[in-house]
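Data block below; observations after.
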Amino acid sequence: MANRTAYSNLVKTMREGKFLFTGELEPKKMFDLSSVLHSAEEMKKTGKIVAANVTDGPQGDAYTCSMVPSYLVQEKVGLEAIWQMTVRDRNRIALFGDILGGSILGLKNLLALTGDHSALGDNKNARAVYDLDSTQLIDLVSKMVDDGTDLEGNEIEGGKVEMNVGCAANPNSDPREPEILKVGRKVEVGADFIQTQTSFDIDEAKEFLKDLEKFNIPVLLGLFPIKNYGIAWYFNEYIPGVSVPKDFLNDLKATKKIKDKKEKYAKIDQINIDFYVPFIKEIKKTTKAAGVHCMAVHYERLFEPLLKEF
Amino acid sequence: MTFEPKILGFLCNWCSYAGADLAGVSRIQYPTNIRVIRVMCSGRVDPVFIAEAFIEGIDGVIILGCHLGDCHYISGNYETELKMKMLSKLLNFIDFSDRIRLDWVSAAEGNRFAQIVGEFTEHIRKLGPNPLKEKKKKIEILDNLNTIKAVLSDRRLRGLVARQRELTTEGNVYNKVISSEEFEKFFDDAILNELLRHKIMIKIREKGKSVPNIAKEIGIEPYKVLQHIVTLRARGWVDVDEINEEIPTFISIKEG
Amino acid sequence: MIITEQKDIEEIYEMIKPYSKILVAGCDGCCQPPRSINEAKVLAQMLELKARSEGKELKWKAITVLRQCDDRIVATTVRPFIEEFDVIVSLSCGLGVVMMNKVFPNILTFPAQNSKFGGAENNAENQFVEYCETCGECLLGVTGGVCPMAGCAKNLSNGPCGGTVGGKCEVGGYTHDCAWVKIWERLKKFNRLDLFTQYRPPRNYRLWSSPRFKEINKTYTNVEESNKEEKQ
Amino acid sequence: MEKVGAVLVIGGGIAGMQASMDLADSGYKVYLAESTMSIGGVMSQLDKTFPTNDCAICILAPKLVATGRHENITLLINTNVEKIEGEAGNFSVEFKQKTLLIDQEKCTGCGVCAQECPVEAIDFFNEGLSNRSAISVKFPQAVPLVFSINQDICIGCGFCKAVCKANAVDYTLEDKITKLNVGAIIIAPGFDEYDPSPTEHYGYGKYLNVVTSIQFERILSASGPHSGLILRPSDGIIPKKIAFIQCVGSRDKTHGAEYCSSVCCMYTAKEAVIAKEHMDIVHPTIFSMDIRACGKDFDKYIERAQQEYGVRYIRSRISTIKEIPESKDLRLYYESEDGKVVEEIFNLVVLAVGAQPHHSTKELAEKLNIELNEYNFCQTKPFSPIETTKEGIYVCGMFSEPKDIPETVVEASAAAGATNILLSDVRNTLITEKELPKEIDISGEPPRIGVFICHCGINIGGVVDVPEVVEYASKLPDVIHAERNLYTCSADTQTNIKEKIKEHNLNRVIVASCTPRTHEPLFQATIREAGLNKYLFDLANIRDQCSWVHMHEPEKATDKAKDLVRMAIAKARKLVPLQEQEVEVIHKGMVIGGGVAGMTAALNLANQGFEVFLVEKDDKLGGFSRNIYQTIEGYDVQDFLKNLIQKINEHKLINVFLSAKINSIEGYVCNFTTNISYGKDKQSKEFRHGIIILATGAHEYKPKEGEYLFIQDKRVILQSELEKILFTDEEKIKQLNSLTMIQCVGSRNEEHPYCSRMCCSEAIKNALKAKEINPNLNIVVLYRDIRTYGFKERYYNLAREKGIVFIRFKEDKIPEIRKENGSLALYINRPDIGEIEIKTDLIALSAGIIADGEANEGLAKMLKVPINDDKFFLEAHVKLRPSDFATDGIFLCGTARGTATISESVAQALSASSRATTILSKEILITEGVISRVDPALCIGCNRCAEVCNYGAVGVKYEEGKMVSEVNPLLCKGCGDCAAECPAEAITMSHFGRVQIEPMIAEAARTEFENGRPRLIAFLCNWCSYAGADLAGVSRYQYPPNVRTIRVMCSGGIPKSFILQAFLEGADGVFIGGCHIGDCHYIAGNHDTLRRTNEIESKLESLGINPERFMRKWVSASEGKIFSETITEFTNKIKKLGPIELDYKKKNQKKE
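These protein sequences, in sequence, are chains V, D, B and X. Sequential numbering of the first sequence, starting at -14, is according to my numbering. Sequential numbering of the second sequence, starting at 84, is according to my numbering. Sequential numbering of the third sequence, starting at 3, is according to my numbering. Sequential numbering of the fourth sequence, starting at 745, is according to my numbering.
Structure below.
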């Protein structure tokens, strides 16, 4: 919502018009969160990453919840969390309760997502909830923030929740039009910012960003630096709608032959930098994007060399 | 030790057996090698008996009947003659035809009987023992004799022999007399084919073999073997055993 | 039509195992694929074979019922047979099994089928498809006649989600159509994208939760009572 | 002179049979004279047929039987025509039947004589590859099934007479001269294969491993000398590399003949494919000049041969073949694509021999006083392809020009169609209708069964103890009378059966003898003559499937015979009289399409006196032929067309509707109602008619703008436009220096993957015409394959002689067209000669023929008939029913079926009208008795039946507001698929229904006699597997006597419960045999078999039954050997598994 108070640092920075970066943290099926926290520290070190998304059971897998890591990242590392929440696993009561709880813990950004279907995950026979959809979740957050009530209008004791809410959009969507119309709905019910899915195609990304301009809220374009050829190949083959540019893919493939690890890493990093630096520069220069959401999960070493250009 | 041949004699009841008796009554001496089987007519002597005799190790077989025209059963000995001719043709293929003798001895010819037995015994003695007794050759000879026995048992050939006299003298169903030469030619072909088929049958009795292998073993062209295999398959005697790559092998499935 | 699927023969057999005389009842009603006398007979034959392999003999009779969900039909059709049998095996949807158990309280009726959904035939795909989920709050008016409850894996009221590519859904490996893309196509065709962009608030899942019932022709004694009920 | 309502057909091949059947069905008496011992012709020798790979004998055998037993057809075998006098309408004919030395009436075809015959003669049927006796039958399925003595090789030993229990052998029989009067004559003597031996051109006759294609066909055949194993003649080894050499004796003036034999390209591709299918290690290579795959779906077949089967095509004519003496392999020399001479070694060479006029034709032509053409084929004209030079004598099949089976069948019907006009006023004058007594009402009576058990000479009696079986049968319940006969099929036994029916008041009759497939009709006729409904008969097959196949186990065979008789009795108890319905025929026809085909068909029907509604969507008649001026032979098309239109317009019985649109067609055969609107003002009209002929045609492909600069450059025109110029504006041609034609525009590509058939001839015709107008004109034809099939090859040769240049290009390297300085040039890249540049003034594009997809789809939907991928209509059977649809009463002709020349369209039109006449000529149509019936009280309206029915014969008529299913007895073919599918058991298949089969299963499973186990029950489909089992019998392929067979019409008619019941009743194994997928007699019934049996098979394990106890196998009618092997293998497997009780026990033990 364009005129909602900026409760989070992220939204504040966005509204300042500064080109910014966000990162992504993925707590997996884990008890020990140190790797996540380490990653967060690396992000913070760059000084350019304003906040980090904390995922909520991506690909429908049963992972450590997103609330606790979000809290720990803020508390222990001091990096603001963008708390991802899917409507897949919770009904409106649980959603309300969790958001309220998270807000008490000081979480300021919530990214409302539908979530990959549980049939895709590692507990395929789970009952997918989808009591609300992501739009309705934004509606719920708006009610909690703006009215201080739940969906039925029952008031929260002690005041309103202070939180900003974001929504997702997919530049790879095909057909495009319903996707844009859907984002419109989300903005209508109170989304404060947009984070997009990853894009490898600069023209496509620009076009998509252009389409989103009319909603007049900050947009972070998702980019996915790729750590090794395997991931790129998987993306290309198995994630429908995403096609990794051929040259990029071939360059990565060539690195498979390099035996020396260090040399190999250096080469991969260089390929990513060569691909993404001009990409991001182009975005920054030609679009109204508020920044880039850099989804380099477990690829901390790239932050420094990649972001130093900006 | 000198070789004492074992000789089997088929004697017709009315002439030759009586002739032998006469030789006895007259105390005419002849070699002890002969063992006699009495038959009512020399026409009763099935060529299969003779093949069987050789299989059992007999060294020579002598068949004696009434003189032509004197047969107690009018024409039995004419049939004998034709049967023995066929037998002789077959035995020729395996060098056994020397070991049989067909002759006529009347009830009055005691002397002649003794003489024939004597001559034949001497003849066989010179010829040596039934080659079956040689260890090296035993399997081959036995196979050959069994082949011949099988051919002799063939219903069609036996039938032809049975009709031969009628066809070549009185005429066939169309009242046409077939010349002996014509018949012989036809008959020889039939015998040869049947012989080859049975040879093949024996070769593939236990183990499937390919056409070229069979051909090599029995010494005829492979294409001819294939033609016989086709016939044998149609009779239900042979079937494909297995197919290794491009080479099918055939095996006998004939019972008994 | 109620789309059903026959249970594994082992599972059915386990249910009837303690009994030696069974009545197998097909249903001529809306059950799809049709489970009439022929299917009942085939099932009975299989159970007999199965019983035999377990070392016992099974007596059976196969019958069929016009509609097992109708208690009156069940009562008249099946009653003449139940005396002779220990249990009934029903080839109807769950409704038939419940009705049989209700109509004949002194004999157990077991299900031979899993009731899957209410659906209709899609001849082009040679499938039965759940086109309606009987949610109790019909949205078809604003979705161009395509149901997002039945057609969308996530039951979204405000779709599509990010899991659609080329109009196909992430669930099922991008083989099924995305209901929301269909909805968009339909509404665009009729120039009613206004309906598409409309925000649809959270749904009333009370309408969708068990047990569900609806009164038949309730009689009211006064106007107030009637008005009061209407409002609720 | 009085006309005679009888027709003589000379030649009993597929053409002669088809013509005979059509005429006999249209009310004429037919004499079918065949010079050999059986009808069936060359097709009976084929293993499979292209392009569907149908088993030839499977589809032919039913037709043989139908022809053989048709009451209006008299078969004259071993017969040649001696003399013919008279003229159209009344010929007097004299025949000579060479004696068979066997009494045709008495011979039962049992074959004992052949087994006893001491003479081995060459087997001509197997093309010299196996032996046969001097007394023989042509092939096991021969019709009529009578033996004959080959006098040339018989030595007269008299064995056969001695063994013949039927006393059929009679050496005194002499040749017989018969005189007859007939109204018309159809000649179909067929062809001879070219004999390559005289020239030793390719070493045929010299090298053992060079065989002809027809020999190879026998080598491939499952009923051939090697039972389908591909063995080369020299040494019985499977030839890994086979070379097929095309055009042996064809397209070769020095060896053979100039013309193209039309069929070799396809049969060679088929042989290569089948060889590969039989044995994967075989690698076929085909050497050809052009690949002439110009029939429907032929190019696709060639494509599949190459892509799927890896058949290698090399475009080269082989110059020499040399044998390598040691290995007998063959060394071939040929020129490769890039012009080099290559040497390659093959293990076997197959010569694709061409067709020659039948050896008898010259003599025949003299006797008939008809003219032959330069090749000694029959002289015909393009617009009347079935007329000889003498009125009243018609020709069909190979005799007029080499052609394949469907076209032969088309011409056969066409010849019948022409005869129809000549003799329509004497129709129904000579046919005989038997006076039958009124049927006895047996309702309410308990079964009274009579059992007649046949010795069949020694065929049954020599193995089965017949008296014991009689004794056994007589004690079974409901059996009133049992007796045995030496030959139950002999005439005196028929009288005896009738007497016994009367004497004992029998109401069911069982004969235990040979196979119902050949003999059921005979016995049915007998009991009908005694007043019983013919469906109260059943036959127990104790010969072909018992005594012949268990020769070495007489006791078990006797037990089996008892079981089979008991099963037949169980069935007989439940047999009911079936009524054949009679439906009145509306004697009017509708023809859709007013092109040459449609008009010809309409005229043919009208000339026979049937009213015709001719519906044309254009505003004038003529169709596509309006664009054609001349045929390649030089006949004036426009003149012909004008004539035809005039005749149509003047004919009183033809109602022409132009600019017409069909709104609806309702009804079915005999009774259709069609609603159309027509004319400028869209008048509406409704009429009723009995049949429909579809002749909607096709149109010329219009190249896309820019395709070869089409439209963009005025110098690029269509071939049809060029033709117009040639015939109307000669000056324009005279001004040209050069002309180039490009072939296959819009044909044989991805969009239209078929050959348009006529473009090659069109191009050559126009090229010749252009050359005639302007002899200095440089003409180049760019082509992929020149497909001047048949006699058209002559014009191809002529064109080359005239200096017209032909240059080949490949599909992937099509000519490039460039415009330089305003002039046109074409470029072709060839590996052998490099790039060629052709400068040209004018380019003519030979655009293909395409179907009007949308219109055809609409019509197909309305008529519920199928169309193929290319949007042409799909006939009932591509080989044997080219003019019919699977739906009765709808017929097809012209380019709506596929591309065709005018001459072919005319033949097809006559063919379609002849097929239609078989219905229109009848007052009433009698439906089949064995059909499905619906009990409306049980039907739940689920419509599953309609989904499995391939004939649209059954289904819920929603549009009429009915909620229950209904069978249309006119359309039902009696496969029983719907009855097997019906979940409510509301549909009953008559005669083979649950009531009849279930008791049979119970009896089949019962083991009354010692050592009866294991017991196998086999359900076999009538057309393929049951026939295959019969062939196993005829060939004496032995198998264990444990199996009890239950015959069903189609394996698709076997419900799941039959299989389960069989196990429940105690069978140790259940076998289901059906036609190969794609070969189903009922189109696709076996697909349903597959589904149902899979469902049961997958559950057996969980039922505690070893799934190996169930077996499903497709066995064709020619696979007797495979049947016996399969049953042997299955029995042995079951023996190993032990009795079924073991399965139950094992399960129990496991649990404990």
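Note that CB positions come from ideal geometry on N, CA and C, so glycine has one too.
- Cysteine 95/D is not a Cβ neighbour of glycine 143/D, given a cutoff of 8 Å.
- Each of Ile897/X, Ile1420/X, Ser1369/X was checked against the Cα of isoleucine 1389/X, and the nearest Cα belongs to Ser1369/X.
- For leucine 51/B, the nearest beta carbon of chain X is closer than 8 Å to its own beta carbon.
- The stretch 764 to 776 of chain X makes contact with the stretch 1157 to 1168 of chain X: 3 or more CB pairs, one atom from each, lie closer than 8 Å.
- Taking 7 Å as the cut-off between beta carbons, the residues of the stretch 1725 to 1738 of chain X near chain B are Cys1726, Pro1727, Ala1728, Glu1729, in sequence order.
- Here leucine 1220/X is near arginine 1310/X, since their CB atoms are less than 8 Å apart.
- Excluding residues up to 5 positions away in sequence, Lys747, Val748, Gly749, Gly927 lie with their Cβ nearer than 7 Å to the Cβ of valine 1170/X in the same chain.
- Boundaries cannot be given for alanine 966/X, as no alpha helix (DSSP H) includes it and DSSP labels it neither H nor E.
- Interface flag for lysine 156/B against chain V is set, since a Cβ pair is found closer than 8 Å.
- Contact of asparagine 875/X with chain D is assigned, a C-beta pair being separated by under 8 Å.
- Residue burial is scored here from C-beta neighbours: phenylalanine 288/V has at least 16 other C-beta atoms within 10 angstroms and is therefore classed as buried.
- Pairwise C-beta distances place the stretch 151 to 163 of chain V in contact with the stretch 218 to 235 of chain V, as three or more of them are shorter than 8 Å.
- Shown here, valine 204/V sits in a strand according to DSSP, grouped into three states.
- Within 9 Å of the CB of glutamine 182/V, the CB atoms of chain B belong to Gly164, in sequence order along the chain.
- Under DSSP, histidine 278/V shares a beta bridge with Thr7/V, Gly207/V.
- Within the same chain, Val753, Ala763, Tyr1138, Ala1159 come within 6 Å of isoleucine 930/X by CB-CB distance, once the 5 residues on both sides are set aside.
- Annotated three-state conformation of arginine 195/D is helix, per DSSP.
- If you draw a straight line from the Cα of isoleucine 1089/X to the Cα of valine 1097/X, it is about 21 Å long.
- With the rule of 3 Cβ pairs closer than 8 Å, the stretch 1673 to 1686 of chain X counts as touching the stretch 1719 to 1729 of chain X.
- Residue-level contact by beta carbon fails for phenylalanine 960/X and chain D, as no gap is shorter than 8 Å.
- For arginine 1492/X, the closest C-alpha among the options Lys1515/X, Lys1554/X, Tyr1452/X is that of Lys1554/X.
- Taking a Cβ-Cβ cut-off of 8 Å, isoleucine 334/D has no neighbours in chain X, whose nearest Cβ is about 13 Å from it.
- One thing to note: cysteine 1768/X has its Cβ no nearer than 8 Å to the Cβ of glycine 1718/X.
- Classified as buried, arginine 77/V has 16 or more neighbouring CB atoms from the shown chains inside 10 Å of its CB.
- Pairwise C-beta distances place the stretch 1610 to 1629 of chain X out of contact with the stretch 1349 to 1364 of chain X, as fewer than three of them are shorter than 8 Å.
- Secondary structure of methionine 129/V (DSSP, three-state): helix.
- In this structure, the CA atom of serine 1291/X is about 19 Å from the CA atom of glutamate 1264/X.
- The Cβ atoms of lysine 984/X and isoleucine 1202/X lie no closer than 8 Å to each other.
- Of all alpha-carbon atoms in Met787/X, Phe1736/X, Leu1402/X, the one lying nearest the alpha-carbon of isoleucine 1420/X is that of Leu1402/X.
- By the Cβ rule, the stretch 796 to 803 of chain X counts as touching the stretch 1815 to 1835 of chain X, because three or more pairs are nearer than 8 Å.
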